[in-house]
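First comes the structure, then the notes that go with it.
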Amino acid sequence: MTLFTRTGCHLCEDARRVVAQVSADCGEMWREVDVDDDPEDRAEYGDLVPVVLVDDVVHGYHTVEAAALRAALGY
């Protein structure tokens with residue numbers, strides 16, 4: 012699972028907490044990527060952060076619902 016964020020984004024902070032908790036509960040690995048570190052990431056996801064990818068497919072953006080994320084992970 013990948014969480015695309017950017018510095019100073021309050022929605023990203025909320026998403027980070029949800030992703031971290033769901034990942035811990037489900038035993039799933041995740042990584043965080045700052046969209047502003049790569050021009051391609053910024054072009055693709057910059058207006059949508061936070062963005063969650065599950066198996067490299069966009070699961071959601073702007074807000075992260077714990078129950079929906081668990082379902083997407085198969086839990």
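Read left to right, the sequence shown gives residues 12 to 86 (the working numbering). Virtual Cβ for every residue (Gly too), placed ideally from N, Cα, C.
Return yes when the Cβ of residue j is within less than 8 Å of the Cβ of residue i, no when it is not.
| i | j | result |
| --- | --- | --- |
| P61 | L14 | yes |
| D45 | R28 | no |
| V75 | V63 | yes |
Please state the DSSP three-state secondary structure of residue i.
| i | result |
| --- | --- |
| R17 | coil |
| E43 | strand |
| Y72 | strand |
| L59 | coil |
So, is residue i buried or exposed, given that buried needs 16 or more other C-beta atoms within 10 angstroms?
| i | result |
| --- | --- |
| M12 | buried |
| L59 | exposed |
| H70 | buried |
Based on Cα-Cα distance, which residue from the options lies nearest to residue i?
| i | options | result |
| --- | --- | --- |
| L84 | D48, G38, G19 and D52 | G38 |
| A78 | E24, L22, C20 and S34 | S34 |
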